[in-house]
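Participant:
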Amino acid sequence: MRQPLVAGNWKMNGSRESVAALLEGLKAGIGQVGKAEVAVCPPSIFIPQVEEALRGTPIAWGGQDVSTEASGAYTGEISASMLLDFGCAYAIVGHSERRTLHCESDELVARKFAAARGAGLKPILCVGETLEEREQGVTEQVCARQIDAVLDREGVAALADAVIAYEPVWAIGTGKVASPEQAQEVHAFIRGRIAARDAGVAEGLRILYGGSMKPDNAAELLAKPDIDGGLIGGASLKAGDFLGICLAAN
Ligand code: PGA
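This note's numbering applies: residue 1 is where the sequence shown begins, and numbers increase by one.
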């Protein structure tokens with residue numbers, strides 16, 4: 001059985017004060033969350049604050065992005081070993097906002113995946129199609145291309161220490177959630193594609209859904225056999241909403 005994972009992607013939100021309040025809320029409620037693993041991915045400047053507050057709790061934390069490089073003259077970048085040094089367990093790679101706004105290619109994302117994993121972080125590899133691509137009927141090709149960039153570079157065994165998040169771009173931050181059937185169809189496709197290379201890795205791999213997941217739509221999505229958790233944006237900024245989704249994962 002795969003343990004569900006619910007990860008919050010705070011994106012570029014928060015202040016020292018609001019982060020403190022959110023962490024207090026999460027710590028107060030985490031005891032009621034049964035079987036799901038819970039993680040938060042704050043803006044990197046808040047990672048020390050998150051580490052301080054969450055150390056010794058069951059809540060893990062991670063980075064929203066990671067450099068391809070280990071160290072050196074890369075202004076503004078943060079390396080995987082730095083994230084690890086501050087207790088991170090995870091690093092999101094290839095979020096659609098990075099692919100679009102920062103022009104990150106499949107190849108670059110695969111290198112970030114490799115850097116994160118090489119340092120001992122669990123990469124959360126985001127994949128997903130735009131609305132235009134869905135309407136053209138190329139959803140599966142897009143997800144396959146994004147995943148194959150990692151598989152071809154790192155080999156299928158690399159996914160044993162990783163997580164995939166299927167996030168249809170048209171559902172991110174729009175309030176337009178994929179139907180449980182739409183999401184399940186793509187999740188099953190992704191698992192099948194990985195199973196073609198290694199059935200054991202595919203069986204153990206957690207595939208999260210992301211895109212306007214909220215407490216009131218989480219249960220039906222998470223009930224689907226190939227949906228193993230969520231990557232939560234907007235709803236991860238309110239402790240009550242985020243914990244509500246974590247509870248729905250049980
Ligand atoms: P959303 O974001 O939950 O606000 O749609 C999800 C994500 O971008 O990971």
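Glycine is no exception: its CB is placed at the ideal position from the N, C-alpha and C atoms.
Fair warning: this is a prediction, and the values are worked out from it, not measured in the lab.
Look at the alpha carbon of G34 and the alpha carbon of G72, and state the distance between them as a whole number of angstroms.
Facilitator: For G34 and G72, the distance between alpha carbons rounds to 42 Å.
Participant: Compare the Cα-Cα distances from L183 to each of S44, A110, A21 and V169 and report the closest residue.
Facilitator: Sequence check: residue 183 is Ala here, not Leu. Comparing Cα-Cα distances from A183 to each of S44, A110, A21 and V169, the minimum goes to V169.
Participant: Are the beta-carbon atoms belonging to I172 and G210 less than 8 Å from one another?
Facilitator: Contact: yes.
Participant: Name the residue from P225, V19, D241 and R111 whose alpha carbon lies nearest to the alpha carbon of G204.
Facilitator: Minimum Cα distance to G204 is reached at P225.
Participant: Starting from the C-beta of K27, find all residues in its chain whose C-beta is less than 8 Å away, skip the five residues before and the five after it, and write them out in chain order.
Facilitator: Cβ neighbours of K27 beyond the five flanking positions: A53, L54, T57 and I59.
Participant: With a threshold of 7 Å, establish whether the CB of G240 neighbours any heavy atom of the ligand PGA.
Facilitator: No, the ligand PGA has no heavy atom inside 7 Å of this Cβ.
Participant: In terms of DSSP beta bridges, what is I164 paired with?
Facilitator: Paired residues: L125 and I207.
Participant: Quick one: residues in its chain with C-beta nearer than 7 Å to the C-beta of A116, no 5 flanking neighbours on either side, listed in chain order?
Facilitator: Closer than 7 Å at Cβ, skipping near neighbours: V66, A80, A91, V93 and P123.
Participant: Roughly how many angstroms separate the alpha carbons of E37 and M1, rounded to a whole number?
Facilitator: So the two alpha carbons sit approximately 13 Å from each other.
Participant: Measure the Cβ-Cβ separation of I190 and M213 and say whether it is below 8 Å.
Facilitator: For I190 and M213, no; Cβs fall outside 8 Å.
Participant: Let me check understanding here. Comparing Cα to Cα, which of A162, P180, L243 and L208 lies closest to V201?
Facilitator: The shortest C-alpha separation from V201 is found at A162.
Participant: Indicate whether T68 and L108 have their beta-carbon atoms separated by less than 8 Å.
Facilitator: Yes. Within cutoff.
Participant: Kindly list the residues whose CB is nearer than 7 Å to the CB of A248, restricted to its own chain and excluding five residues on each side of it in sequence; keep chain order.
Facilitator: Correct list, in chain order: P215, A218, A219 and L222.
Participant: Considering only the alpha carbon of each residue, which of A199, G240 and E167 lies closest to H187?
Facilitator: Comparing Cα positions, the closest option is E167.
Participant: Just checking my contact of S236 with G8 at CB under 8 Å: how many whole Å lie between their CB atoms?
Facilitator: That pair is a contact at about 3 Å.
Participant: Run through DSSP, which three-state label would V169 get?
Facilitator: In the structure shown, V169 sits in a helix (DSSP, three-state: H, G or I).
Participant: Could you pull out every residue in the same chain whose Cβ sits closer than 7 Å to the Cβ of A239, ignoring the five residues on either side in sequence?
Facilitator: So the list reads L22, G25, L26 and G29, once near-sequence residues are dropped.
Participant: Would F46 pass as a contact of V19 if the rule is Cβ separation under 8 Å?
Facilitator: Contact: yes.
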